[in-house]
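Notes for the one structure printed next.
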Amino acid sequence: MTHETKPVDALSEAEARAELERLATDLARHDAAYHTHDAPVVSDADYDALKRRNLAIEARFPKLKLSESPTEKVGAPVAEGFGKITHKVAMLSLDNAFSDEDARDFVSRVKRFLSLTPFDELALTAEPKIDGLSLSLRYENGRLVSAATRGNGAVGENVTANARTISDIPEQLAGADVPEIMEVRGEVYMTKADFMALNERQAAAGKQTYVNPRNTAAGSLRQLDSKVTAERPLKFFAYAWGEVAPALPYGTQSEMVAAFGRWGFSVNPLMARVMSVDELIAHYRRIETERASLPYDIDGVVYKVDDLGLQQRLGFVSRSPRWAIAHKFPAEKAATRLTAIDIQVGRTGALTPVARLEPVTVGGVVVTNATLHNAEEIERLGVRIGDTVQVQRAGDVIPQVLGVVSSPPDAVSFTFPSTCPCNLQTPVIREETAGGVEGVVRRCSGEFACPFQRKEHLKLFVSRKAFDIEGLGEKQIEYFYDDPSLPIRAPADIFTLAERDAAEDLLKLKNRDGYGETSAQKLFDAIEARRTVALDRLIFALGIRHVGETTARTLARAYGDWQSFHEAARALAGGDAAAIEEMDALDDIGPAVVEAVGRFFGEEHNIAMVEDLVSQLTVQDAEKPSQESPVAGLTIVFTGSLERMTRDEAKAMAERLGAKAAGSVSKKTDILVAGPGAGSKLAKAEALGVRTMTEDEWFELVG
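Residue 1 is where the sequence shown starts when you use the numbering used here, and the numbers rise one by one after that.
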């Protein structure tokens, strides 16, 4: 039985670990395609199915949750070409519900967290989920001063000039109740009629037409030339907020949205306030029946707790609020012919089969590709080249293949390659987990020797989250990788580029296609400016599996400087038990990360690559933790039955105070807060000499 059909409760721990690794890789790729490039590669339904599977496995095997879990990520990095705006309040994403039962579970969870009974009333709002691009507008003294996209949730793209061209976005807010600082958030979209009219104009002018309203709206807002944006019929619905000062003028979600309408924004007329989950679902059904006749695309209904005081109390879990959820609509389906299956090789060597389809329109969008995930998926579906297959689409992206509709006599079975499609033709392997179970992901064994993987590693290295070298992006990496006289084949090669160019006798960079003297010097200057790098960026840039931006930051803060991290990583590679325990005890760091770091620093070619690189750099120590509270920078563990707050509220409180909330006790633990019934954690803390205190003593300490 394959991982797609095997129930989560039937998975072994080894199988679960292997599948979580695959899901993390797939979802990261899909996030970048959707949020950064406005060019998604899977359907909403396919993406949501992967997320649900990931959540289900994490729920059953919480210890296996990756520190860089897809459930804790928001959006994707800021695209090249835009300035950056740091959000004062993070722009998080919503968890999804896919059934009435999911919606009822959401309301039940909220009531349990708030210590309400199932019979207590709870006011909620329900509004259409617009299929567009999230935007945050900052107003100071009522005047628009900036506009930013979601980006990665923390930093977005500065699209202020473009936002000013949208008629639904007022330059000045009208009303005596507008706060001095008011960040209004909502969705930029394009109506179906405007989209069709735009495509008609494009076709009449002999220009390329667009695929769907969402991607067109997103691409229009993110034009480098605001004149292009001004020519596009974009609209904006307001429904949320970020930073507000000195205080929110109203106490409920519905009152705030009503205020947006008075201040000059368009707000959705289908938003409703309800008092029960039955009313919530009934409103979802009403919106669903009206969906086809609405002038804009929607892909679900968003539910929120109305009382803002309760929202604050509920807080957030990883990347999303506890007080809101998106109830998604079912997917759309169609049939088409599968014409070919191609193989793509990713940064970690994973081979992903991609189905090529005869173009088919599903819900108004022409689709031509679908991911088939792996060999097991192809076998499970029984698809062959030439088959007519049923495809499913939800939203605006490439569909998933659901199964075979019919198979002609001349249909050809697909044989998954045993060697990498790169020119080295290196063998394809299936890694075994610690339990000896063969993983589902097939990888090229060439690692850094494989040009596909080396190129992808280098693209990660120069990306925004890593070294962020201006003028050296994915296209330039492709160019230099294949350049025989001035190649970039390893990270250190980037920092010797100018030196090697100066020694080049025949053809210097300034004389090559695409470069002149000025552009060549700009590139050299940009590289030189990145010789000094923050520790967390360097760790992330190395491309260690499971070590994403958040995990890299955690590791950097824990070890402080490059030498300490490097020594710890080498000790891990040597099997040092103390080093393993130390890293494993870090908040949000699990066995998968510990194993991956040790494996990376256990490979001699990796060590050589890292040493060559670091010899070219000045690595900045990690930023010191804030000292604004008595527990800032400390590691806190909560155990036992807390009486004045729930465990979730306790951890959230510690993090607000600048502390790290860990789940297990180690010698790195600073304080253990023990409630009644504390057991093994308390005993271990006492044995290690960790400071322990009661819940009341905790409140006395933090004030």
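C-beta atoms are modelled at their ideal positions from N, C-alpha and C, and glycine is treated no differently. This one's a predicted model, so the numbers in the text were calculated from it and none came from an experiment.
Collapsed DSSP secondary structure at residue i in the structure displayed
{"i": "Tyr250", "result": "coil"}
{"i": "Trp323", "result": "coil"}
{"i": "Tyr47", "result": "helix"}
{"i": "Ala622", "result": "coil"}
{"i": "Val89", "result": "coil"}
{"i": "Glu171", "result": "coil"}
{"i": "Ala335", "result": "strand"}
{"i": "Thr25", "result": "helix"}
{"i": "Gly75", "result": "In this predicted model, Gly75 has a pLDDT of only 47, less than 50, meaning its place in the structure is not dependable enough to derive any value."}
{"i": "Arg185", "result": "strand"}
{"i": "Val404", "result": "strand"}
{"i": "His3", "result": "Any answer about His3 is weak, because its pLDDT of 39 lies below 50 and its placement is not dependable; what the coordinates show is given next. Coil, per DSSP."}
{"i": "Met271", "result": "coil"}
{"i": "Ile469", "result": "coil"}
{"i": "Met693", "result": "strand"}
Residue i burial status per 10 Å Cβ neighbour count (16 or more: buried)
{"i": "Val145", "result": "exposed"}
{"i": "Met275", "result": "exposed"}
{"i": "Ser641", "result": "exposed"}
{"i": "Ile689", "result": "It should be pointed out that residue 689 corresponds to Gly in this sequence rather than to Ile. Under this definition Gly689 is an exposed residue."}
{"i": "Val257", "result": "buried"}
{"i": "Leu224", "result": "exposed"}
{"i": "Phe119", "result": "exposed"}
{"i": "Glu200", "result": "exposed"}
{"i": "Ser69", "result": "buried"}
{"i": "Val302", "result": "buried"}
{"i": "Lys235", "result": "buried"}
{"i": "Asp396", "result": "At Asp396 the pLDDT is 44, less than 50, meaning the model places this residue with poor confidence; the figure from the coordinates comes in the next sentence. It is buried - the Cβ of Asp396 has at least 16 other Cβ atoms within 10 Å."}
{"i": "Glu15", "result": "buried"}
{"i": "Lys6", "result": "exposed"}
{"i": "Glu478", "result": "exposed"}
{"i": "Pro630", "result": "exposed"}
Sub-8 Å separation of residue i and residue j beta-carbons
{"i": "Thr352", "j": "Thr339", "result": "no"}
{"i": "Thr694", "j": "Ala685", "result": "no"}
{"i": "Leu114", "j": "Arg291", "result": "no"}
{"i": "Leu270", "j": "Ala103", "result": "no"}
{"i": "Trp241", "j": "Val110", "result": "no"}
{"i": "Thr415", "j": "Thr426", "result": "no"}
{"i": "Val188", "j": "Leu135", "result": "yes"}
{"i": "Ala238", "j": "Val267", "result": "yes"}
{"i": "Val637", "j": "Leu672", "result": "yes"}
{"i": "Gly346", "j": "Thr25", "result": "yes"}
{"i": "Leu657", "j": "Val702", "result": "yes"}
{"i": "Ala28", "j": "Ala90", "result": "no"}
{"i": "Gly300", "j": "Ala326", "result": "yes"}
{"i": "Ala579", "j": "Ala571", "result": "yes"}
{"i": "Leu472", "j": "Ala526", "result": "yes"}
{"i": "Arg443", "j": "Thr348", "result": "yes"}
{"i": "Lys328", "j": "Ala97", "result": "yes"}
Identity of the residue in the options nearest residue i by Cα
{"i": "Asp483", "options": "Arg500, Ile469 and Glu470", "result": "Arg500"}
{"i": "Arg454", "options": "Val428, Pro491, Leu486 and Arg442", "result": "Pro491"}
{"i": "Ala659", "options": "Gln563, Ala687, Gly473 and Glu628", "result": "Glu628"}
{"i": "Asn54", "options": "Met182, Pro330 and Arg22", "result": "Arg22"}
{"i": "Phe461", "options": "Val610, Ala596, Ala632 and Gly382", "result": "Val610"}
{"i": "Ser680", "options": "His457, Val665 and Asp48", "result": "Val665"}
{"i": "Ala592", "options": "Gln390, Gly663, Leu20 and Ala10", "result": "Leu20"}
{"i": "Val367", "options": "Asn374, Leu357 and Glu376", "result": "Leu357"}
{"i": "Ser93", "options": "Phe82, Arg185 and Phe600", "result": "Arg185"}
{"i": "Pro451", "options": "Thr532, Lys465, Cys422 and Ala238", "result": "Cys422"}
{"i": "Arg138", "options": "Val354, Gln620, Ile85 and Arg273", "result": "Ile85"}
{"i": "Glu706", "options": "Gln400, Val440, Glu528 and Lys328", "result": "Not covered by the structure: residue 706. The range shown for the chain is 1 to 703."}
{"i": "Ala218", "options": "Thr639, Asn162, Ala259 and Phe540", "result": "Asn162"}
{"i": "Asp100", "options": "Val277, Ala205, Ala148 and Val211", "result": "Val277"}
{"i": "Ala622", "options": "Glu643, Pro630 and Ala556", "result": "Ala556"}
{"i": "Glu456", "options": "Arg545, Asp525, Phe495 and Thr532", "result": "Arg545"}
{"i": "Val228", "options": "Arg214, Ile287 and Thr165", "result": "Thr165"}
{"i": "Ala335", "options": "Ile539, Thr289, Pro399 and Gln344", "result": "Pro399"}
{"i": "Tyr481", "options": "Pro213, Leu497, Glu604 and Glu470", "result": "Leu497"}
Whole-number beta carbon distance between residue j and residue i, since they are thought to touch under 8 Å
{"i": "Thr216", "j": "Met190", "result": "6 Å"}
{"i": "Ile385", "j": "Val412", "result": "4 Å"}
{"i": "Arg262", "j": "Gly175", "result": "6 Å"}
{"i": "Leu308", "j": "Gln253", "result": "7 Å"}
{"i": "Tyr730", "j": "Ala126", "result": "Residue 730 is absent from the structure shown; the chain starts at 1 and stops at 703."}
{"i": "Gly590", "j": "Lys65", "result": "6 Å"}
Beta carbon proximity, residue i to chain C, threshold 8 Å
{"i": "Lys660", "result": "In the structure shown, chain C cannot be found, because there is only a single protein chain."}
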